[in-house]
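Start counting at 1 in the sequence shown, then tack on 50, and there's your number in the numbering used here.
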Amino acid sequence: MFRFLRGAMFWVLFAILGAGVYLFFQGNSFGNDDTEAQITQSIPKEIPSLNALLVQVDDISGNRRILDCSTNGCISKVPPSSVRESPLSDGTNWYRYAQRTEKNKTTATVLEKIDSQGNVKTITEENPLVKPRAMMISTDGTKIAYFLDNIHDNLDLTELWTYDSKEGGTKVIVEKLYRPDIASKVRWNASSRVVWFLQENEKKELIAASLSGGGSLRFTGVNWNEHAAAADTGVMDMNDDMSLLVFAETATPGYSRMFIARNNEAVTVKPVKGNIVFVRWMENGALLYATQDGKNLSFWMANATKEWPIARMEATFESAHSPGTSTLAAFIASPKHGERHLYVLQISTGLIKDEVVIPSFPGKTYVVQTSESSLHSSQAVAGATSVISDGEVVAFVEHHMQVIAEDANAKPSRLLITDIQNTSFIDYVDGSGEEQRMLVTIVDTLNPEWKIIARYKTINGTWHREDTTGNTEPKVVRLYEWEESLSQWILKQKY
């Protein structure tokens with residue numbers, strides 16, 4: 051369907067396709083509110099620490115390791131001694147297939163859950179009519195999907211079932227499947243509320259189902275014969291009511307194509323610079339995605355009316371997890387070769403927190419679950435007697451930069467957080483193009499109030515305080531730089 055997007059035709063249609071994506075977003079029921087405005091008007095007071103469950107998988111050896119990580123480090127979670135196979139886990143429970151010997155000395159396949167104390171519970175088991183097969187753990191690690199094959203006749207029929215470790219119990223969500231027709235893996239969407247897979251008879255078609263059941267053909271406007279790899283293993287997500295689909299494929303060198311489909315309408319294509327490595331439909335209908343362009347890893351958001359950058363850093367992406375809200379996302383990336391870090395992205399401010407260095411392991415590391423740690427300071431901010439977080443400082447400076455500098459044309463360049471409470475150096479370029487620096491204490495963020503402690507000028511490339519009778523110079527502890535292309539502050543260095 052998209053073979054015409056090659057050679058010169060690709061560039062001829064570039065603008066048309068971009069306009070199509072805009073019309074797509076305009077045509078969806080995102081609502082009339084401005085998502086970006088909603089986010090920026092509700093800036094969290096700090097970037098909280100996260101507890102994260104990570105799964106490391108070595109596809110070559112088949113080895114797996116599960117880590118429970120926080121700011122204090124990562125602890126390997128070892129399965130109970132009764133679990134001899136290589137099971138899947140949600141961090142608390144373990145899932146495996148086992149063989150049970152019956153009285154007549156035949157064996158039966160059993161799908162089991164083992165808790166942290168080694169207690170075993172049977173989820174489902176083989177009987178003369180059906181036999182469980184395969185196991186696909188959900189994105190959040192709390193559910194599994196599996197097939198229940200009909201074995202009492204030669205019709206090759208099967209059904210797709212799910213088990214929820216929190217709610218307990220099993221349920222069938224897709225019935226009357228012809229086993230030889232199943233043409234891809236079963237995959238979960240980012241929220242773990244929807245599954246999809248391809249079936250192939252005369253052509254490949256996508257079947258999607260929610261946890262309430264009732265699987266059906268979806269997104270028939272996509273040529274799945276051409277995009278089977280995206281559905282099987284590619285970067286892809288579906289929203290919870292199964293009305294929106296996004297997936298990505300590599301295009302010409304240095305570019306990707308983002309495919310967006312609504313219900314069964316024709317798919318819309320958007321060229322994107324860099325390699326799209328992550329996509330996620332948010333609860334408010336916006337789209338969060340990440341691109342890897344050389345050494346630069348960037349996060350973006352798109353809603354009904356606009357698209358804007360959130361954050362950028364020099365690192366190589368590995369995996370990410372977002373609960374779908376407009377607050378936080380966690381991701382794993384390598385700032386240098388051979389070193390993985392778990393980062394926390396505050397979506398509302400674009401600030402990135404380096405949470406922990408992850409122990410080395412061959413293969414790939416996935417973020418499975420995240421939760422806010424209870425071990426973080428109070429979020430209250432009330433004047434100079436409380437410590438104002440970096441998120442509040444950068445937002446305050448961004449909103450009041452020109453007023454603080456008394457220059458309507460002042461453009462920020464750097465923000466240096468110091469060891470004096472709520473006090474920072476603000477570097478900027480004034481209306482005449484000259485570099486300026488101020489030392490500013492923020493007194494109150496709720497009712498904007500600040501105090502300029504000192505002003506500086508450059509002499510032979512070095513900052514000199516104009517008022518030499520002032521207090522001792524503070525020590526810089528963190529450096530933020532203003533990224534003009536992103537229109538936001540980026541944490542560059544800690545001292």
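A virtual CB, placed ideally from N, CA and C, is assigned to each residue, including glycine.
Your pair residue 398 and residue 376 checks out as a contact, with CB atoms roughly 7 Å apart and the cut at 8 Å. For the 9 Å CB-CB criterion, residue 203 and residue 261 do not form a contact.
The region 241-256 makes no contact with the region 298-313; the number of CB pairs closer than 8 Å stays below 3. Annotation for residue 441: the continuous alpha helix (DSSP H) segment containing it runs 440-455. Rounded to the nearest angstrom, the Cβ distance from residue 488 to residue 502 is 6 Å, consistent with a contact under 8 Å. Taking 9 Å as the cut-off, the Cβ atoms of residue 259 and residue 224 count as close. Assigned with DSSP and collapsed to three states, residue 165 falls in coil, not helix or strand. DSSP places residue 316 outside both helix and strand once states are collapsed to three, so it counts as coil.
Rounded to whole angstroms, the separation of the alpha carbons of residue 137 and residue 112 is 11 Å.
Short of 8 Å from the beta carbon of residue 143, and not among the five residues preceding or following it, lie these beta carbons of its own chain, in chain order: 163, 164, 165, 166, 215. For the set 322, 237, 313, the Cα lying nearest the Cα of residue 281 is the one of 237.
By alpha-carbon distance to residue 140, the top candidate from 187, 445, 218, 150 is 187. Assignment of beta-bridge partners to residue 115 by DSSP yields 106. Going by DSSP, residue 508 is part of the beta strand (DSSP E) stretching over 499-509.
Here residue 282 carries a helix assignment [DSSP, helix/strand/coil].
By alpha-carbon distance to residue 118, the top candidate from 107, 336, 100, 109 is 100. Under DSSP, residue 331 takes part in a beta bridge, and its partners are 337. Contact check for residue 500 and residue 438: beta-carbon distance about 11 Å, past the 8 Å limit, so the pair fails to qualify. The residue from 391, 389, 395 with its alpha-carbon nearest to that of residue 339 is 395.
Partner residues in a beta bridge of residue 130, as assigned by DSSP, do not exist. Each residue's CA atom was taken as its position, placing residue 123 and residue 407 some 7 Å apart. If you draw a straight line from the Cα of residue 479 to the Cα of residue 442, it is about 22 Å long.
With a minimum length of 4 residues, the unbroken runs of alpha helix (DSSP H) contained wholly in the region 221-291 fall at 278-283.
Taking the CA atoms as reference points, residue 324 sits about 14 Å from residue 363. Taking C-alpha positions only, residue 332 is separated from residue 527 by approximately 34 Å. As DSSP reads the structure, residue 409 sits in no beta bridge. Residue burial annotation: residue 392 is buried, with at least 16 other C-beta atoms found within 10 angstroms of its C-beta. Taken through DSSP and simplified to helix, strand or coil, residue 485 comes out as strand. With contacts defined as CB atoms closer than 9 Å, residue 476 and residue 524 fail to qualify as a contacting pair. Remark: C-beta atoms of residue 405 and residue 380 approach each other more closely than 9 Å. Residue 418 holds the alpha-carbon nearest to the alpha-carbon of residue 193 among 418, 530, 361. Shortest Cα-Cα distance from residue 411 to any of 291, 109, 320, 98 involves 109.
For residue 123, the secondary structure class from DSSP, reduced to helix, strand or coil, is strand. Taking residue 448 as reference, the option from 498, 483, 316 with the minimal CA-CA separation is 498. Rounded to whole angstroms, residue 382 and residue 509 show a C-alpha spacing of 42 Å.
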